[in-house]
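Before any comments, here is the structure.
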Amino acid sequence: MRLHNTLTRRLEELVVHDNTVRMYVCGPTVYDLIHIGNARPMIVFDALRRYLESRGYTVIYVQNVTDIEDKIIRRAREEGRTADEVAAHYTEEYLRDLASLGVARPTHSPRATAYVSKMVALVQDLVASGHAYVVNDDVYFSVESFPGYGKLSGRVRDDQEAGARVEVDEKKRHPGDFALWKRSKPSEPSWPSPWGDGRPGWHTECVVMSRDLLGETVDIHAGGSDLIFPHHENELAQAEAATGKPFVKIWLHNGLLTVRGERMGKSVGNFAYTRDVVAKHGGEAVRYFYLSRDWRKPLDFSDDAVAEAKRTVDRVYDFLWAAEALPDRTAGEPIPELDALEKRFHVVLEEDFTTPGALGALQEIVRVGHCSRQACDLGGAKAAASLVRRLGGSLGLFQSPRPATSTLADDVIRLLIALRADLRVAKQFALADGVRDKLGELGVELRDGPEGTTWAVRPPSPEPGACP
RNA sequence: GGCGGCGUAGCCAAGCGGCAAAGGCGAGGGACUGCAAAUCCCUUAUUCCCCGGUUCAAAUCCGGGCGCCGCCUCCA
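For the first sequence, this note's numbering assigns the number 36 to the initial residue and increments by one for each residue that follows.
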C-alpha cells in the first residue's frame with residue numbers, strides 16, 4: 036500500500052516489520068465534547084486501521100487522551116471542579132462519541148497525566164544533551180540545536196521571523212524555541228521535577244507515549260493538517276534530538292472540515308457537536324460522508340450533505356436486507372463483473388487509501404446486485420450482497436443486521452399487507468393507500484413488486500454497525 | 001511577508017501522460033404500478049479555471065495568469 040507522506044510530500048510504500056503496523060493518531064484534549072470536525076481523523080484513520088487489518092496486518096493503534104492542558108484548567112475553574120474531574124468526564128463522553136461513529140477502540144488510549152514522570156525524563160535528557168535549556172524554572176527546546184527543524188512543515192526559521200506574529204518572549208534564546216516544561220502557578224495542577232513544581236509543555240506527551248507503546252520509530256503518525264506546525268514539527272524535533280533515530284516513517288494529515296468554505300473551528304464558532312449530528316443522521320451516515328471525500332482534501336460540511344450520505348447508506352441497506360432475505364439457491368453462474376469491481380476496490384485503496392473510489396466500486400456492486408435480482412438471479416444478488424458486507428466491513432461500513440422486529444409485529448404487518456391486497460382487488464384504493472401511508476408513518480415501507488408486496492423497516496436514526 | 005493545498009457536469013466527487021472522463025445526488029425520458037414508492041433501462045462534461053509550452057499523445061508534465069482555501073497563535 037502506498038500513502039502520501041507529509042514529510043516527503045510523495046507517495047511511499049508502507050513497509051513494516053513482523054507484519055505489524057505501529058500507528059499513532061493524535062487524540063482529543065478533553066475539555067469539552069468533540070465537534071464534528073474532530074471526528075474526521077478518528078473515522079478516517081479508524082477506517083485505515085480496519086482496512087490494514089482486513090489485508091492481514093496486525094495493527095497496534097494508539098490514540099492519546101490529553102488530560103492536562105490550559106483549557107482543561109480554565110474549564111475546571113469555570114465549573115468549580117478539579118481538572119481531573121473535568122478530564123475524566125469528557126474522556127467518558129469522547130469514548131461514547133467514538134462508539135457512536137463505529138470507531139473501534141484503540142489498542143491503547145494513554146492519558147498524558149500517567150506519563151508525566153517519563154516526560155520529565157525526556158526533558159532531562161534533552162537538557163543534558165544540549166537540546167534544551169532552563170530559564171527561571173521553565174525549560175525550552177532550542178530549535179537551533181536541531182538542524183532538521185522545519186523539515187516536516189517546510190518552514191525555515193528566518194522566514195517566520197518576518198511575520199512576527201509570535202510574541203517575542205525575552206526568556207527564549209530564539210523566537211522559535213518552545214516550552215518543554217512550565218513552572219506552574221500556585222493554584223494549578225503540578226508535578227515535581229528537577230526544575231521545581233510544574234507541568235509539561237506542548238508536544239512532549241505524544242513523543243513519550245509513542246516511544247513507550249510503539250518504539251522509537253513508528254510506522255504511521257496521523258492527525259489533522261492543522262497539527263503539522265507547530266505541533267508535529269516540535270514533536271519530531273524532540274524525538275529525533277533525543278534518540279537520533281527517525282521518529283516516524285509516514286506522516287498522515289487529514290484535511291479539515293469547512294462550513295460554506297470556511298474552516299470549522301471552536302474559535303470560529305461555526306461547529307456542531309458530533310453528538311448532535313449523529314443524533315440527527317446516524318453515525319454511519321457521518322462515516323460514509325467522510326469516506327466519500329479524499330481524506331487529505333478539505334471537506335465542506337453541511338446538514339444536507341450528511342443527509343444525502345444517509346440516503347445512500349439507507350439504500351445500500353435496503354438492498355442488503357432484501358437480498359439476504361431471499362431464499363437460498365444453489366449458486367448460479369459466477370458474475371465476472373463482481374470480481375472486477377472487487378479488484379478495483381482494492382486497487383484504489385492500495386493507492387493512497389482513496390476511499391471515494393472504493394465507495395464508487397461498492398455502489399456499482401449494489402447496482403449489479405439489484406440487476407441480478409431483477410433478472411431472477413438470486414445467487415447473483417446474494418453474492419453481491421455478501422461482497423458488499425465483506426468490502427464494506429473492511430472500512431467499518433454496512434455491518435448492521437436487519438433491525439429485528441418481534442414475531443408478533445411481523446405477523447401483524449403481514450396481516451395488514453394481506454388486508455391491503457384484498458382492498459386492492461376490491462378496488463378500494465383509498466383504503467389500501469391509507470394502510471400503506473399509516474404503516475409508512477410507523478417506519479414500515481411497503482413495496483409492491485411483481486411477486487407481491489415486500490416491506491422494510493426504516494429506523495428513524497440507525498445506529499452504526501457493531502465493530503467486527 | 002513565508003509555507004502548503006485546491007479549481008473536473010446543476011451539486012458532491014474519482015481519475016494525475018495513452019480506452020472519445022468512475023461513482024453518487026439532482027433533473028428528464030421509458031419499463032413496472034390502480035396510483036405511488038422501490039428497482040431496472042436510457043439521457044444529462046467532445047471536455048477538465050484561463051493562456052502559452054513539452055510530447056506521436058495532457059484533465060494529468062512545465063511556465064505564466066486568475067480565483068478560492070488552509071497553516072505560520074490553542075485548534076482534528
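Positions of the beta carbon are idealized from the N, C-alpha and C atoms, including for glycine.
Helix, strand or coil, according to DSSP, for residue i in the structure here?
i	result
HIS266	helix
THR389	coil
MET36	coil
ARG57	strand
HIS143	strand
VAL51	coil
LEU477	coil
ASP160	helix
GLN195	Only weak support is given to the placement of GLN195: the predicted model assigns it a pLDDT of 49, under 50, and the value that follows is read from those uncertain coordinates. Reduced to three states, the DSSP call for GLN195 is helix.
PHE464	helix
PHE380	helix
PHE324	helix
ALA501	Interpretation of ALA501 is limited by its pLDDT of 28, a score under 50 that renders its predicted location unreliable; the figure taken from the coordinates is listed afterwards. DSSP places ALA501 in coil when its eight states are reduced to three.
GLY404	helix
TYR150	helix
VAL303	coil
SER188	coil
THR126	helix
GLN434	coil
PRO182	coil
ALA396	helix
ALA439	coil
ALA82	helix
Going by other Cβ atoms of all chains shown within 10 Å of its Cβ, with 16 needed for buried, is residue i buried or exposed?
i	result
GLY185	buried
THR309	buried
GLU48	exposed
LEU477	exposed
SER435	buried
ASP254	buried
ARG109	exposed
ARG449	exposed
TYR150	buried
GLU196	With a pLDDT of 48 at GLU196, under the threshold of 50, the modelled position of this residue cannot be trusted; read the value that follows with caution. Per the 10 Å Cβ criterion, exposed.
PRO227	exposed
PRO76	buried
HIS52	exposed
THR101	buried
LEU326	buried
GLY198	Reliability fails at GLY198, whose pLDDT of 40 lies under 50, so the model's placement of it is uncertain and the value that follows must be treated cautiously. Exposed, since its Cβ has fewer than 16 Cβ neighbours within 10 Å.
GLN273	buried
ARG57	buried
ASP194	Because the pLDDT at ASP194 is just 49, under 50, the model does not fix this residue reliably, and the value given afterwards should be weighed accordingly. Result: exposed.
LEU361	exposed
ASP105	exposed
PRO188	Looking at the sequence shown, residue 188 is not Pro but Ser. With 16 or more other Cβ atoms within 10 Å, it is buried.
PRO145	buried
PHE176	buried
SER245	buried
ARG455	buried
GLN409	exposed
Which residues share a DSSP beta bridge with residue i?
i	result
ARG482	THR489
TYR175	TYR168 and ALA214
THR101	THR64
VAL94	VAL56
ILE370	In the DSSP output, where bridge partners are listed per residue, ILE370 has none listed.
TRP286	HIS256
ARG298	THR293
ARG45	ASN40
HIS70	TYR308
Can you tell me where the alpha helix (DSSP H) holding residue i begins and where it ends?
i	result
ALA139	Run containing ALA139: none; DSSP gives neither H nor E here.
ILE108	105-114
HIS316	309-316
LYS332	Counting along the chain, LYS332 falls outside any alpha helix (DSSP H), and DSSP gives it neither H nor E.
ARG346	338-359
LYS417	413-428
PRO362	Unbroken run through PRO362: none, as it is neither H nor E.
ALA455	It is Arg, not Ala, that sits at residue 455 in the sequence shown. Where ARG455 is concerned, the enclosing alpha helix (DSSP H) stretches over 442-460.
Quick check: is any heavy atom of the ligand MN less than 6 Å from the C-beta of residue i?
i	result
ARG218	Ligands in the displayed structure: none, and consequently the ligand MN is not present.
Item to check | Secondary structure, alpha helix (DSSP H): runs of 4+ residues fully inside the region 207-282 | outcome: DSSP runs (the alpha helix (DSSP H)) wholly in the region 207-282: 239-249 and 268-278.
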